[in-house]
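**Q**
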Amino acid sequence: MSSFSSGRGSREEQYLVETASLPNQVETRNSEDMADLEEQQGLDVEEDGECKHHSLAKQLLVVAFTCCVYSAAATVAIVCYFAFLGLQQATFATGWAVVARGDGAEWRDLESEGRFLVTSTALQLALYAFMAGKYLFSACVRDTVLSSRLERLSYALLSAAGIPCMALAIALLSLACFGSDGRTDGDSGPRKGSSQHSLLIWGMACQTAATACVTGFWIFQIKDYEWLVMKQP
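Heads up: take any position in the sequence shown, counting from 1, add 3, and you land on the working numbering.
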């Protein structure tokens, strides 16, 4: 009986000891959990900081690349514009200089000038036909809303007058400088005579009209850009 009582007493004492130590265990476990949580939060903060740094670096890289692309495109566009503007002025000056020689000039000596006139006018026609076609595609196929009346007027002038004048100028200049006049002596040089001189005059008149239309086109484009800039708040 005494052994049973002593065993029961030892179990009660052990139970009391374990019960008394529970708060310490809970507190220790809570402190360990808090330490783990703080450590995990610290790791999360570090990872978030690294992610933010990587994201910011990517954004800066994208912005820098975009700026470089737009700067290069703008530079190419400006260079092409001034190149075609110079070509247009050179065509105008060369053509009327040839006209000023008169119909008595030796036309076979003007073969290089004729090739230059036809080639330069053809290049201008290709450029402005591409611009007008792109505009019409955006306006009709994609149903893009046109920005202003000046833009519509500029492309209407280019499409209805400028491009047809360039095409007619190429045809007349080609006939004036390279058309056959029935010669059988094997001479393949440009044509000569008053009829050819008249064709050259008409060709340069069409080229001059095309130049005026292109100049008006760019004036309207610049005015439209100024209007859009002034419209911004």
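C-beta: ideal position from N, C-alpha, C; glycine also.
Three or more beta-carbon pairs under 8 angstroms between the stretch 210–223 and the stretch 168–182, yes or no?
**A** Contact between the stretch 210–223 and the stretch 168–182 is present, because at least three Cβ pairs lie under 8 angstroms.
**Q** Are there three or more Cβ pairs, one per stretch, closer than 8 angstroms when the stretch 61–68 is compared with the stretch 87–97?
**A** They do not touch, by the three-pair rule.
**Q** Look at the alpha carbon of residue 77 and the alpha carbon of residue 198, and state the distance between them as a whole number of angstroms.
**A** As a working mapping, residue 77 is identified with position 74 in the sequence shown. As a working mapping, residue 198 is identified with position 195 in the sequence shown. Going from the Cα of residue 77 to the Cα of residue 198 covers about 45 angstroms.
**Q** Assuming the contact rule is C-beta atoms closer than 8 angstroms, residue 90 and residue 123 should be a hit. Round their C-beta distance to whole Å, please.
**A** Residue mapping note: residue 90 aligns to position 87 of the sequence shown, counting from 1. Residue mapping note: residue 123 aligns to position 120 of the sequence shown, counting from 1. Going by Cβ atoms, the distance from residue 90 to residue 123 rounds to 5 angstroms, so yes, they are a contact pair.
**Q** Give me, in chain order, the residues of the same chain whose beta-carbon lies closer than 6 angstroms to that of residue 205; leave out the 5 immediate sequence neighbours on both sides.
**A** As a position in the sequence shown, residue 205 is number 202, starting the count at 1. The answer, listed in chain order, is 175.
**Q** I'd like the list of long-range same chain contacts for residue 178, defined as Cβ closer than 7 angstroms, with 5 residues on each side in sequence excluded.
**A** Numbered from its first residue, the sequence shown carries residue 178 at position 175. Closer than 7 angstroms at Cβ, skipping near neighbours: 202.
**Q** Have a look at residue 71 and residue 162 and give me their C-alpha separation to the nearest angstrom.
**A** The sequence position of residue 71 within the sequence shown is 68, counting from 1. The sequence position of residue 162 within the sequence shown is 159, counting from 1. If I take the Cα positions, the gap works out to 33 angstroms.
**Q** Determine, using beta carbons only, whether residue 153 and residue 87 come nearer to each other than 8 angstroms.
**A** Mapped onto the sequence shown, residue 153 falls at position 150. Mapped onto the sequence shown, residue 87 falls at position 84. Going by C-beta atoms, residue 153 is not nearer than 8 angstroms to residue 87.
**Q** Does the Cβ of residue 128 have 16 or more other Cβ atoms within 10 Å, making it buried, or fewer, making it exposed?
**A** Within the sequence shown, residue 128 is the residue found at index 125, counting from 1. Classification for residue 128: buried.
**Q** Please report the straight-line C-alpha distance between residue 187 and residue 143, rounded to a whole angstrom.
**A** Along the sequence shown, one-based indexing puts residue 187 at 184. Along the sequence shown, one-based indexing puts residue 143 at 140. Bear in mind that a pLDDT of 42 at residue 187, under 50, signals an unreliable position, so the number given afterwards is only what the model happens to contain. Approximately 52 angstroms, taken between the alpha carbons.
**Q** Helix, strand or coil for residue 162 per DSSP?
**A** The count along the sequence shown starts at 1 and reaches residue 162 at position 159. Correct three-state label for residue 162: helix.
**Q** What residues in its chain sit with their C-beta under 6 angstroms from that of residue 69, if we drop five residues either side in the sequence?
**A** Taking the first residue of the sequence shown as position 1, residue 69 is located at position 66. Hits under 6 angstroms: none found.
**Q** If you draw a straight line from the C-alpha of residue 67 to the C-alpha of residue 80, how long is it?
**A** Working through the sequence shown from its first residue, we reach residue 67 at position 64. Working through the sequence shown from its first residue, we reach residue 80 at position 77. Looking at the two C-alpha atoms, the distance is approximately 20 angstroms.
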